[in-house]
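Heads up, the final residue of the sequence shown is numbered 199 in this note's numbering, and it's a clean run with no missing numbers.
For every residue, glycine included, the Cβ atom is placed at its ideal position computed from N, Cα and C.
One structure is given here, and the rest of the page talks about it.
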Amino acid sequence: MSTHHTLARFAAAAAGVVAAVVVLSACGSTAHDDHTPSTRPSASPARHNAADVSFAQGMIPHHRQAVEMADLAATRAASPEVRSLAAQIRKAQDPEIRTMSGWLAEWGEPVPSAGGSGEHGGHSMAGMMSEEELEGLENSSGKAFDTAFLTLMVEHHEGAVEMARSEIENGAYQPAKDLADAVVTAQTDEITRMNKLLGRQ
-1 MSTHHTLARF
9 AAAAAGVVAA
19 VVVLSACGST
29 AHDDHTPSTR
39 PSASPARHNA
49 ADVSFAQGMI
59 PHHRQAVEMA
69 DLAATRAASP
79 EVRSLAAQIR
89 KAQDPEIRTM
99 SGWLAEWGEP
109 VPSAGGSGEH
119 GGHSMAGMMS
129 EEELEGLENS
139 SGKAFDTAFL
149 TLMVEHHEGA
159 VEMARSEIEN
169 GAYQPAKDLA
179 DAVVTAQTDE
189 ITRMNKLLGR
199 Q
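Below, the structure written as structure tokens:
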């Protein structure tokens, strides 16, 4: 009888342990489930949306055209201030082109091709020059070039600022929004400088 009671007590204790394990497992699972949603937002900064793709695909050819204009200034501008500004524009926008191209490649989206219609075909975007405007700039030099360059670049920058503000408002990819914010800051300052050189301020 003593052995029977001992076995019964052992069985009861074992059942209790199993029940406790089951309860604890259930609690652990519930706790994990409760925390799972809170870990998901940590990945959201890396996500992008259609506005981010549109921004990068539009700003790349926009920047390329600005760099092309800046290259012309190196040999055609009469004003040291214009040449200095053009060098600054190229220094800022070349790396941004590479950065945005990298984003598009990472996202599996087409990267606008360099040269040809990749740039000038997009002149319908805000501030983009037409083929005729670019040709006229290429064929000018000296003070005439300076005036044309500054006039066109102000319009070009205003278009970039408009695109960047749209990205800040509608984008989801934080690095793209940060770049857009930098574009607004830098190019708004350059617009002010160029208008002063044109005698508008």
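C-beta contact flag for residue i and residue j at 8 Å
| i | j | result |
| --- | --- | --- |
| LEU148 | LEU195 | yes |
| ALA84 | ALA76 | no |
| ALA88 | ALA68 | Residue 88 is actually Arg in this sequence, not Ala. Yes. |
| ILE58 | PRO110 | yes |
Own chain residues within Cβ distance below 8 Å of residue i, not counting five before or after
| i | result |
| --- | --- |
| GLY169 | HIS46, ASN47, ALA49, ASP50, PHE53, LYS175 and ALA178 |
| LYS141 | ALA76 and SER77 |
| GLY125 | HIS60, GLU153, HIS154, HIS155, GLU156, GLY157, ALA158 and GLU160 |
| ALA90 | ALA184 |
Opening and closing residue of the alpha helix (DSSP H) in which residue i lies
| i | result |
| --- | --- |
| SER82 | 78 to 105 |
| ARG191 | 172 to 195 |
| ARG45 | Careful: ARG45 lies outside any alpha helix (DSSP H) and carries neither H nor E. |
| ARG163 | 140 to 168 |
| GLY125 | No alpha helix (DSSP H) holds GLY125; DSSP gives it neither H nor E. |
Where residue i falls, given that 16 or more other Cβ within 10 Å makes a residue buried
| i | result |
| --- | --- |
| GLN144 | Strictly speaking, residue 144 in this sequence is Asp, with Gln absent from that position. By the neighbour-count rule (16 or more Cβ atoms within 10 Å), ASP144 is buried. |
| ARG96 | exposed |
| GLU167 | exposed |
| PRO108 | exposed |
| GLY56 | buried |
| ALA162 | buried |
| ALA64 | buried |
Other residues of its chain near residue i: CB distance less than 7 Å, five sequence neighbours each side excluded
| i | result |
| --- | --- |
| ARG81 | ALA71, ALA72 and ALA75 |
| TRP105 | HIS46 and VAL51 |
| GLY26 | Model confidence at GLY26 stands at a pLDDT of 45, short of 50, so the residue's coordinates are unreliable and nothing is read from them. |
Chain-order list of residues whose beta-carbon lies under 6 Å from that of residue i (same chain, five-residue window excluded)
| i | result |
| --- | --- |
| GLY119 | The pLDDT assigned to GLY119 is 41, lower than 50, so where the model puts this residue is not dependable, and the model offers no usable value. |
| SER138 | ALA146 |
| SER164 | none |
Cβ contact check for the region 93 to 110 and the region 131 to 138: 3 or more pairs under 8 Å: A contact is defined here as three or more CB-CB pairs under 8 Å, and the region 93 to 110 fails this definition with respect to the region 131 to 138.
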